[in-house]
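Just so you know, we're using numbering that gives the first Met the number 0 here: the sequence shown kicks off at 0 and counts up by one. All C-beta atoms, glycine included, are put in the ideal place defined by N, C-alpha and C.
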Amino acid sequence: MSSPAKKRKRDAPNTRSIASFFQNQTPKRLEKLEPAADPEDTEQSLSDEALARKLQAEWNNEQNAPLRAADEAKPTTSSETDRELEKARPQGVLSLQSSAGTEDKISLSIPLDQSPLVFEASRYTGELKAHWAAQGGDASYALLTRAFVLANATSSRIKIVDTLVNFLRILIEGDPSSVLPAVWLATNSISPPYHELELGLGGSSISKAFKKIYGLDSQGLKALYDRLGDAGDVAFEAKKRQSFTLIKPKPLSIKGVYQSLIKIAMSKGSGSQESKQRIVEKLLQDTRGAEESRYIVRTLVQNLRIGAVKTTMLTALARAFSISRPPNACFAIWPQQDLARLKKDELAEIYSTAEELVKASYARHPSYNDLVPCLLEIGPTEELLLRCGLQLHVPLMPMLGSITRDLSEMLTKLQGRDFTCEYKYDGQRAQVHCDDQGKVTIFSRHLEQMTVKYPDLVSLVPQIRGGSVSSFILEGEVVAVEQDTGELQTFQILTNRAKKNVEVGAIKINVCLFAFDLMYLNGTPLLDRSLRERRGLLRSLFAEIPNRFTWVKSLDATSADSETVLDFFKSATDSRCEGIMVKVLDNIPLGLPTSDNQGTDTSNTPAEGVGEKPTKGTRRKALLSTYEPDKRLESWLKVKKDYSASSETLDLIPVAAWHGNGRKAKWWSPILLAVRNPETGSLQAVTKCMSGFTDKFYQANKDKYEQGSPNIISRPSYVEYNGEPDVWFEPQEVWETAFADITLSPTYPAAIGLVSDARGLSLRFPRFLKVREDKSIDEASTSDYLASLYRKQSERTQADTAVNADRIADLEGQ
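Right under this line is the structure:
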C-alpha cells in the first residue's frame, strides 16, 4: 500500500531536480542523470515512496550497465549474475527498503505472559543473546515492546505483573546491563522526581517527525489524530501504511532508546531544539514494525498507558530477582520447581517477603538508579535496606495520615493510647536535608527539589541546629506568615511566592517552617524510634527562631481528654489551620495485648510494621509510632474542619464521560468517577456524577476534555469498568465528591472483593463539590477506604436498628 506522503507543489520556489539528490557524485554522473529526468516528474510532484522508487531504478540502471555489457560479451548463469551484481553495487549507497517483515520475529514469539512458575527464561536467553550479538550485543527494544503489547492487552493485574516478571528475568539472565534502562522506560520516566530531567518535547516536534518519517501532511495527520486520539496510535497506523523506506532501520536497543531520551533531556541552549528533533526522527526512523513505533511515540509524549505503576514495577522486580539472578551473582534464589510445588499461601508469603524488602528500600531511597544495581548484586535480601536505604540529599517518601471524619471516631480508634494532637497547617510540606559540610536541600511531599524556592530557609540552618548536630533530615510545614505578628496566612498566598531565581533580599512573602519530625541525625536513621523519642531529639537539639523556625503547636492527650482535644481542635481552625493531625506517641511493648488498639492499614505497600503481624482473619494490626515511609497508617490520623461536617466526601478521579442530553447536550454529562486500587494501581469506576456542576464549570470541563485534545484517550487498560462511555479522559484530576450513602453494585467494580466477592460498591446521589488542586491522582481515595466507609455505614445502620427496636419494645411495654 502506498504511503500517504505529502505531495509537493509543482510551483514551489527553489525546486530541485532529481540530480540534486546526488550532490556528492561526479559531474560526469550528473550529466548522465539529468537528461533522463522527466521535467514533470520532479521532486515536488512525487510522493516520498514514488520518488524513492524512481531514484532506485535510475541508480540500479547506472550501476548495472557494466554488467549488462559483460553479459552480452559472455553468457553466465543466473546465480553468477546475482553474485556479480552484488559485488558491483557500491556499499552504503541509496537502496529502496521494504518496511514489511522488519519486525523482530524472535522477540515476538516469546510467551512473556505465562506464569513465572512455568516460564523458563534460560530457554530463550541463549537464542536471544545470539540474536542480539548480530545487532550490537544489547537487548533489543523489540523485547520491551513485546512486554508492552502483552501488558496493554489485558486488564488483569496478575497478568501484567507476570509479563513484567518474565521480561525482567530474561534481561537479568541475558543482559543485566539493560535492566535499569528497561525499568525506566517501563515506568514512563527517565530519572527520579528530585532530578530535574525533563524531555521538554512539544507537540510540534512529534508532528514534524511524523511528517518527515511517515510522509504525512498536516491534513492527514489531523485526520488520524482526530480519529484515534492518541499519538502512539497515530504512529502505529502511519507505520503500517509505510510500504518502503530509503534507509533500512537500524534495530533499536533498550539501552539505545534510553540514552536517546537522556540526550533529548540534556540538550540545552542554542540549537537544542534542532538536536532534539533529529533524535526524535532517528528513533522513529529505526523502529521496526508498527508496535515499536506506537510505544516509542508514547514514550516521547510520556503517556505509555500500560498500567505499570510504581507498585507494579516494584512487585515485578522483587519476584523476578527471587527466581533469576545475573550470571556472576551468588545470592540465593528459589528454583522454579520448588515454587511450583508450593501452596498458594506459601508462595504468597515468599513473594511478600521479597516485595516488602524492595518496597521498603524504594520508600527510603526512591531511585531505580541505586535500587536496580543493588538488586543485581545482592538480590532482595535484608542487606538491601542497608545498601539502598536512607541517604542525605535523597528524599524519602513521606509517611501519610489516614482520614477520620470526626473527633469521636478518632478518640475511639486511639482508645487507651497516648497520642499528640498537632495543628494541621495550611502550607506546603517540606523535607529538609543537611550534611556535615553544611549543604542543604529541601524537597516537597512529591519529592521535587524546591531548595531554590526557599533560600531564606536554607540560610536559617546554621542558626537552628545545635552544636552537637552535624547532619540531619527533618520534616515540617512551610507556612506563609506575617513576619511581625506571626499571623498565619493561607496557602493561596504561599503559592504566589516565586519558585525560581529567588533572592533573599527580594522576598515579599515570608514563611515559617513548623517542624514536626526528625528522621535522621548525625549519620543515624531514626525511623524505627518512637515518635516521642524523635520529637524529643528534635526539640532538644534545634533552636527556635520566632516566626521563622519553630515546632508545630501540639497537645499530648489520651482518649479520656475529649473536652481538651475539642478545644484544641477549635483553636486550630480559628487560627486558619485545616484541622489537626493526631499521632500515636509510643509503640506498645511486646507481649502486651493489642485488641483494643488496632487500626486498618491503608498503606500503598503491603509491608507490615516492624515486629507486627495482622490479626488472623482481619486486615488490622497494632498501631505503630515509628516513621513508616510511603504508608498511610491509622497511627497518624487527620481531622479536618471540613471532615467534621455530617456528610462524607470522597476524592475521586474523573476517567470518562457521556454526551449530555437536553440543555446539557453541548457538555459532558454524566461523568464517570473512579477510586484508586492501592494494591494494583488500577482505577476502579465507582459512580456517574451529574450533580453539583455549574454551567461555567461544565464549559471549562468541555474545553479541557475536548475531542482531539491529548486529554481524550482511547480505552485505557488500567481503568476497571465494563460500560462503554462516549469518551475516556486522561486521568489527571481529583474531584471532591459528596454522596448520600454507599451501596453494593453489580455494575461498578470499586472495592470488589473487599466487602463482597461478586459485587463492587457505588455511591447514591453523588454531588461534585470542588477540584482538589492540592492532590495528585496518587492521593485520591482508595478502594480500601471506600470499603471501610461502607463497613462503618453498615455498623451505624445496625446500631440504629437496634436502638429503634429498643424504643419500640419500650413503647409496647407501656
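By how many angstroms is the C-alpha of residue j removed from the C-alpha of residue i?
{"i": "E30", "j": "K211", "result": "With a pLDDT of 38 at E30, under the threshold of 50, the predicted position of this residue should be treated as unreliable, and no value is reported."}
{"i": "Q335", "j": "D344", "result": "16 angstroms"}
{"i": "W727", "j": "D425", "result": "34 angstroms"}
{"i": "L313", "j": "A497", "result": "36 angstroms"}
{"i": "E794", "j": "T411", "result": "14 angstroms"}
{"i": "R122", "j": "L536", "result": "56 angstroms"}
{"i": "Q134", "j": "D103", "result": "11 angstroms"}
{"i": "E607", "j": "F147", "result": "The predicted position of E607 is uncertain, since its pLDDT is 36 and thus under 50; a value taken from the coordinates is nonetheless stated next. Answer to the nearest angstrom: the Cα atoms are 31 angstroms apart."}
{"i": "V654", "j": "R534", "result": "42 angstroms"}
{"i": "L413", "j": "T557", "result": "8 angstroms"}
{"i": "D777", "j": "A181", "result": "23 angstroms"}
{"i": "G214", "j": "A353", "result": "49 angstroms"}
{"i": "R416", "j": "M265", "result": "52 angstroms"}
{"i": "D740", "j": "R156", "result": "29 angstroms"}
{"i": "I508", "j": "T489", "result": "11 angstroms"}
{"i": "S708", "j": "L143", "result": "28 angstroms"}
{"i": "G378", "j": "A328", "result": "9 angstroms"}
{"i": "T494", "j": "D527", "result": "34 angstroms"}
{"i": "L406", "j": "C576", "result": "16 angstroms"}
{"i": "H364", "j": "P524", "result": "12 angstroms"}
{"i": "A339", "j": "T124", "result": "21 angstroms"}
{"i": "E543", "j": "L384", "result": "33 angstroms"}
{"i": "G814", "j": "Y193", "result": "The question about residue 814 has no answer, for the chain in this structure spans 0 to 813."}
{"i": "R297", "j": "G722", "result": "26 angstroms"}
{"i": "P730", "j": "Y717", "result": "10 angstroms"}
{"i": "E732", "j": "K769", "result": "11 angstroms"}
{"i": "R287", "j": "R145", "result": "12 angstroms"}
Within its chain, find whatever has a CB closer than 6 angstroms to the CB of residue i; leave out the 5 residues flanking it on each side and keep chain order.
{"i": "F567", "result": "C420, L554"}
{"i": "K687", "result": "P669, L671"}
{"i": "Y697", "result": "W666"}
Go ahead and pull the three-state DSSP assignment for residue i.
{"i": "E529", "result": "This sequence places Ser at residue 529; Glu is not what is there. In the structure shown, S529 sits in coil (DSSP, three-state: anything other than H, G, I, E or B)."}
{"i": "L636", "result": "strand"}
{"i": "W333", "result": "coil"}
{"i": "V679", "result": "Note on identity: in this sequence residue 679 is Thr, with Val being the wrong assignment. Here T679 sits in coil by DSSP."}
{"i": "F542", "result": "Residue 542 is actually Ala in this sequence, not Phe. In the structure shown, A542 sits in coil (DSSP, three-state: anything other than H, G, I, E or B)."}
{"i": "K507", "result": "coil"}
{"i": "A664", "result": "coil"}
{"i": "Q462", "result": "helix"}
{"i": "T298", "result": "helix"}
{"i": "V733", "result": "coil"}
{"i": "T380", "result": "coil"}
{"i": "D516", "result": "strand"}
{"i": "I670", "result": "strand"}
{"i": "S271", "result": "helix"}
{"i": "M580", "result": "strand"}
{"i": "H364", "result": "coil"}
{"i": "V501", "result": "coil"}
{"i": "T625", "result": "coil"}
{"i": "C420", "result": "strand"}
{"i": "S154", "result": "coil"}
If I measure Cβ to Cβ from residue i and keep anything under 8 angstroms in the same chain, skipping five residues before and after, which residues do I get?
{"i": "E647", "result": "R404, A737, F738, L788"}
{"i": "R766", "result": "C688, S690, G691, T736, A737, F738"}
{"i": "S458", "result": "V503"}
Identify, in the order they occur along the chain, each residue of the same chain with its Cβ nearer than 7 angstroms to the Cβ of residue i, setting aside the five sequence neighbours on each side.
{"i": "M409", "result": "T403, V581, L636, V638"}
{"i": "K323", "result": "Note on identity: in this sequence residue 323 is Ser, with Lys being the wrong assignment. So the qualifying residues of the chain are A120, R168, I171, E172, I332."}
{"i": "V178", "result": "L167, L170, I171, V371, L375"}
{"i": "K275", "result": "L200, S204, I263, S266"}
Nearer than 7 angstroms: is that true of the beta carbon of residue i relative to any heavy atom of the ligand MN?
{"i": "V581", "result": "In the structure on display, the ligand MN does not appear, and there are no ligands present to speak of."}
Please confirm whether residue i has its beta-carbon closer than 8 angstroms to some beta-carbon of chain C.
{"i": "R758", "result": "The structure shown contains no chain C; it holds only a single protein chain."}
Check whether the Cβ atoms of residue i and residue j lie closer than 8 angstroms to each other.
{"i": "L651", "j": "E633", "result": "no"}
{"i": "S252", "j": "D137", "result": "yes"}
{"i": "P397", "j": "R464", "result": "no"}
{"i": "S780", "j": "V674", "result": "yes"}
{"i": "C511", "j": "R547", "result": "yes"}
{"i": "A757", "j": "S782", "result": "no"}
Three or more beta-carbon pairs under 8 angstroms between the stretch 267-281 and the stretch 665-684, yes or no? No, because fewer than three Cβ pairs between the stretch 267-281 and the stretch 665-684 fall closer than 8 angstroms, the two stretches do not touch.
For the structure I just gave you, are there three or more beta carbon pairs, one from the stretch 147-156 and one from the stretch 294-305, closer than 8 angstroms? In short, these stretches touch, since the Cβ pair count reaches three.
Three Cβ pairs or more, each shorter than 8 angstroms: is that satisfied between the stretch 468-475 and the stretch 428-446? In the pairwise beta carbon analysis, the stretch 468-475 is classified as touching the stretch 428-446: at least three pairs are separated by under 8 angstroms.
Is the stretch 182-198 in contact with the stretch 254-263, if contact means three or more CB pairs nearer than 8 angstroms? As far as the Cβ criterion goes, the stretch 182-198 touches the stretch 254-263, which means the pair count is three or higher.
Taking three-plus beta-carbon pairs below 8 angstroms as touching, is the stretch 156-165 in contact with the stretch 276-283? A contact between stretches requires three or more CB pairs, one per stretch, nearer than 8 angstroms, and the stretch 156-165 fails this requirement with the stretch 276-283.
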